[in-house]
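First to last, the protein sequences are chains B and H. Start counting the first sequence at 29; every next residue gets the next number (the numbering used here). Start counting the second sequence at 623; every next residue gets the next number (the numbering used here). The C-beta atom is built at its ideal place from N, Cα and C for all residues, glycine as well. From a predicted model like this one, the values you see are computed outputs, not experimental measurements. Comments concern the structure below.
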Amino acid sequence: MSGVGYFDILKLAMPETIVALAALVVLFIDLGIMRPAEGKFRRMIAALVTGTSCLVAIFWMHQVQQETAPGFLSGLLVVDPLTQLVKQGVLVLTLFTAWISIDSTFTDHTGEYFALLLLATVGMMFLVSAENLLMIFISLELLSLSLYILTAFNKRNLRSAEAALKYFLFGGMAAAFTLFGLSLLYGLTGSIELRPIAAALKGKGLDPALAAAIVMTVIGFGFKIAAVPFHLWAPDAYEGAPTPSAALIASGSKVASFFILGKVMMLGFAGAEGNGAWRAFASGWVPLLAVIAVFSMLLGNLAAIAQSNVKRLLAYSAIAHGGYALLAVLTDNLQGVAALIYYVVTYALTVLGAFGVVSVVEERAGEARFSDFAGLSRRAPLLSFCMMIFMLSLAGIPPLAGFFGKFYVFTAAVNAQAKNLGLLWLVIFAIAMSAVSLYYYLQVLKQIYVAESSTRTPVIKASAPLQAGIVLVAAGVLALGCAPNLVVGALSAAIKAAGF
Amino acid sequence: MLGWTIYISFLGVAVLTLLPRHNARAARVVALLTALTGFTVALVGTLKADAGLNTFCDVSWVPALGIHYHLAADGISLTLVLLTGIAAVAGILFSWNIEQRAKEFFAFYLTLIGGVYGVFLSFDLFLLFVFYELAIIPKYFLIAIWGSTRKEYGAMKLALYSFVGSAMVLIGIIAAYVVAGAKTMSLIELAQYPFPEHFQYWAFPLVFVGFAILAGLWPFHTWAPTGHVAAPTAASMLLAGVVMKLGAYGSFRVAMTLFPLGAKAWQMPFATLAVIGIVYGAMVALTQKDFKFVIGYSSVSHMGFVLLGLMTLNEIGFTDRAHTRELEVLEGMDLTKALPFAAGTFVVASAASMGLPGFSGFVAELQVLIGAWRSFPTMTVCAGIGILIGVAYTLRVLQKAFFGEVAAEVNPRQTESAALSRAQPHGLEPISGPERIGAVILMAATLVIGLYPRLLLDLIAPSLNSPLFEGLRRAGAL
């Protein structure tokens, strides 16, 4: 730690600092000045501050290209092109989450809501930057606690409280597992930094304590990414939480969690991979994740078929998508990391847009059942078109971002063991499951485009700014699908530089 | 130049979305203009093209994965692009009466057309797959929104069958890409890569069947009858005339070109399936009461010929595969309108369909049978029987619908749907001017190709000598 002043640290953590300060500013403005103003105006101002802080932070990272030396601050804060890029992705997602919140009337506590949104974002950003077990745990908790409160934010709705309690109880349990796993890891290696841990584990083989550490850690993260069998909270949380909160759980939080999962596995447990190839299984974290991925894809897709509420459907589809993304983690190579980031970021963007449309419908209809979407294309053509883009992207139809994401992940997975096509079985399973998924996404679109609306349903009109936000997300999904190189090029370069 | 067929179609979609919502007339005109321009471009492009491979556009798309945006055309692509152009124009003329949500109808329609053009012109596997999937989704909406009998069921079945097929193709593509070193997606470069034999043995059937599902390969054909029955006229025409060709084209362009050894090994099983399809489709068509079911099953039977042509693995057989059957397009016309003009049209179409000399159907089937005789005589005889049954059901339908008593028999579909109490008013509207024009265009094309087949054969044959088919030639196929 010698030679590092507080000023240097502040400079390195400037984006996080900006966002954290913005949380305070939002609180201050809303509580101090805006109290008597009208609800809509308050939300606009708060969202504006939130969005601006995200933009400033992105701009800062873009302008001030910093990099930390390896081992700097024991990996508490790793700043390199890759983490910067992922953080920018997270910030964009937060920006849009704030954007789609401006029409939501579920709470009067506008300031607190946006402040929590920003605090959760700070948690994500530190999580992305961490290569140190302590820091990982702390930022994970900051993120989780903010999300629990955001889930419970609709005080008028019993479901919201129930969802939050479920989320909290499961989350608390999972945190305990994570902590247990991490402490075992520390005990085994005497270090809390990922790279030294891997160095210490090298050549030791898979002893029972290490196996326990791996399993515990995976349980903890599996909860965050809602992988089967740690997914039970997800459908209720998605359904009960206020829609913008659910959007954050599904988007930004997923990106950060997947990134850190990939990092812990690939960096921390390097040397304990095992083998997930067909008929060549060897124990380690790769086959463990492979099994989890298979069950996530299976259960997520099959259970989604039975849903009649769009938010629950999105929850199960999120479980399935978690399964696909796990394929990218278990490739255990650079291309896999690039594919993982591309996949989760585009997925998050898509699902965020979908939640935006859902929130508009929910605001008018009170719920998000299939029947509330019936005939939407005649009531709100623009929003329906956006929803079509989001649903088809989730189903993996080109030329949308979701298709290229899946293609990238699957290619990386097959390519990981190119000699014997060892992971092809997983990819075949994933592709088969994604064929299943088209069915339920089309069910939603069928309601929107084919079904006739019942007579009393009103014309749905979102406010202009909200509509603009959703259209912007849809345009992004389309653009990323048509020109994937916008992200893939930068990503590949950053990953090479990061020496993952 | 030919790439503009794709862009124009999508441009048309963009213009359509900007139109006011209730102006059906404007939507029609825009759609027709788009399709006409697309067809003109296709025609001019074909006339200008060389005998070999014409590349219009080849830029790096995703360098990290070696994906290129590569549009090109050889004789096979050219014929199919031309056919698509004709069918697109005719389809719009046949949909002239659509008033309900006309703007959306034509937007989905042109998206489908653009995707189909794209498939025929792509020489990069990734790009080809993108366009192929792009063509699936509009079909769902076209049938589910504007269709009739059990439309939602038919549409979903069609979409899921197509998607399962393309999932199989995707597996094959990714595996082939990785095995070849994960450096390129170019069809031309991959075609020259010697894939290991054991790999071809399982990759070929995967990709072949994946595409052939869309071509109605027995026993994966069940989407076709329900789809045809449910689809609105124009969509049904496109299904039979263009979309099913997409499947056959993919089977040939991707599966057989990349995995010639696999094709050789699987020749017999797939030829058998194709012959079963021919005979089965014809026999089932013979017993149908519903007119559109007859069309649906006959299209299965006809596509059996195309697939059989492919599996002959020799040149004569291949030339047929692109040797298209506009008559199927024609058959898709809504024949529930039992009116003089429709009768005349249908007589021509069914004459062509039965394979009477002088129509394109005759030449095409003859080509396949000659090709097939060399490879497997027994099956050729069975396929010949299929033609006979084809004559039988066509005559039966003709007789019942147009020369029979004006009783309940004339329009069995009407009584059926009445019995099912579907809210489907089937008034005997007179055939409109645009529909007449559309039918004439199709009939003319059928006749021209039938009387002068060299027009297409000359286009197709040289492209089989290109280095693209080196593998197939080496496998002793060509």
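Mind reading off the beta-carbon distance from residue 785(H) to residue 463(B)? Whole number of angstroms is fine, and I expect it under 8 Å. Indeed they touch by this definition, with Cβ atoms about 5 Å apart.
In chain H, which residues lie less than 8 Å from residue 439(B) when you measure between Cβ atoms? Per Cβ cutoff of 8 Å: 687, 796, 799, 800, 804.
Is there at least one Cβ from chain H nearer than 8 Å to residue 520(B)'s Cβ? Judged by the 8 Å Cβ criterion, residue 520(B) is in contact with chain H.
According to a CB-to-CB cut-off of less than 9 Å, which residues of the region 725-758 of chain H neighbour chain B? Cβ contacts with chain B: 726, 748, 751, 752, 753, 754, 755, 756, 758.
Show which residues of chain H have a CB atom less than 9 Å away from the CB atom of residue 517(B). Under the 9 Å cutoff, chain H gives 684, 685, 686.
How about residue 786(H): is its C-beta nearer than 8 Å to some C-beta of chain B? Judged by the 8 Å Cβ criterion, residue 786(H) is in contact with chain B.
For residue 1010(H), which of helix, strand or coil comes out of DSSP? It is helical.
Along the alpha helix (DSSP H) that carries residue 369(B), what are the first and last residues, could you check? Here the alpha helix (DSSP H) through residue 369(B) covers 362-393.
Which class does residue 857(H) belong to by DSSP, given the choice of helix, strand or coil? Helix at residue 857(H).
Between the beta-carbon of residue 850(H) and the beta-carbon of residue 917(H), is there less than 8 Å? In this structure, residue 917(H) lies closer than 8 Å to residue 850(H) by Cβ.
Buried or exposed: residue 730(H), going by 16 or more other Cβ atoms within 10 Å of its Cβ? Counting Cβ neighbours within 10 Å, residue 730(H) comes out buried, since at least 16 surround it.
Using 8 Å as the cut-off, can you tell me whether the region 416-436 of chain B makes contact with the region 368-379 of chain B, which would need three or more C-beta pairs spanning the two stretches below that distance? Yes, the region 416-436 of chain B touches the region 368-379 of chain B.
Quick one, which of 856(H), 921(H), 755(H), 719(H) has its alpha-carbon nearest residue 899(H)'s? Of the candidates 856(H), 921(H), 755(H), 719(H), 921(H) places its Cα closest to the Cα of residue 899(H).
Assuming residue 725(H) and residue 641(H) make a contact with CB atoms under 8 Å, what is their CB distance in whole Å? Confirmed, about 6 Å.
With DSSP collapsed to three states, give me the class of residue 683(H). The DSSP-derived three-state label of residue 683(H) is strand.
Confirm, please, whether the CB-CB distance from residue 638(H) to residue 668(H) is below 8 Å. Contact: no.
Any Cβ of chain B within less than 8 Å of the Cβ of residue 1059(H)? No, residue 1059(H) lies away from the interface with chain B (no Cβ there is under 8 Å from its Cβ).
Bridge partners for residue 95(B) per DSSP, in chain order? Residue 95(B) is not bridged to any residue.
What does residue 462(B) reach in chain H if we use C-beta pairs closer than 8 Å? Simply 789.
Please say whether residue 794(H) and residue 757(H) have beta carbons closer to each other than 8 Å? Contact flag unset, no.
Rounded separation between residue 683(H) and residue 516(B) - CA only: About 11 Å.
Local conformation of residue 959(H) per DSSP, three classes: Note that residue 959(H) scores 39 on pLDDT, short of 50, meaning its location in the model is unreliable and no value can be drawn from it.
Using beta carbons (cut-off 8 Å, strictly below), is residue 358(B) in contact with chain H? Not closer than 8 Å to any Cβ of chain H, the Cβ of residue 358(B) fails to qualify, so no.
Helix, strand or coil for residue 693(H) per DSSP? Note: residue 693(H) maps to strand in three-state DSSP.
Can you check whether the CB of residue 107(B) is closer than 8 Å to the CB of residue 125(B)? Cβ atoms of residue 125(B) and residue 107(B): not closer than 8 Å.
For residue 353(B), count neighbouring Cβ atoms within 10 angstroms of its own Cβ and tell me buried if that reaches 16, exposed if not. Sixteen is the threshold: when 16 or more other Cβ atoms of the shown chains lie within 10 Å of the Cβ of residue 353(B), as they do, the residue is buried.
Count the other CB atoms, across all protein chains shown, that sit within 10 Å of the CB of residue 34(B); report buried if there are 16 or more and exposed otherwise. Residue 34(B) is exposed by the Cβ-count criterion.
Residues bridged to residue 808(H) [DSSP beta-bridge criterion]: Under the DSSP definition of a beta bridge, residue 808(H) partners with 746(H).
Does the region 257-265 of chain B come within contact of the region 206-222 of chain B, defined as at least 3 CB pairs closer than 8 Å? No: the two stretches stay apart, fewer than three of their Cβ pairs being nearer than 8 Å.
Around the Cβ of residue 779(H), are there at least 16 other Cβ atoms within 10 angstroms (buried) or fewer (exposed)? With 16 or more other Cβ atoms within 10 Å, it is buried.
In terms of alpha-carbon separation, which member of 391(B), 436(B), 378(B), 408(B) lies closest to residue 419(B)? Considering only alpha carbons, the answer is 378(B).
Strictly below 8 Å CB to CB, what residues from chain B border residue 1102(H)? The structure shown does not extend to residue 1102(H), since chain H is modelled only from 623 through 1100, so no value can be given for it.
Would you please verify whether the beta carbon of residue 762(H) is less than 8 Å from any beta carbon of chain B? For residue 762(H), the answer is yes, since a Cβ of chain B falls inside 8 Å of its Cβ.
Secondary structure at residue 221(B), three-state DSSP: helix, strand or coil? Residue 221(B) falls in the strand class under three-state DSSP.
Unbroken alpha helix (DSSP H) run spanning residue 400(B), endpoints: Counting along the chain, residue 400(B) falls outside any alpha helix (DSSP H), and DSSP gives it neither H nor E.
In chain B, which residues lie with their C-beta within 8 Å of the C-beta of residue 766(H)? 474, 477, 478, listed in chain order.
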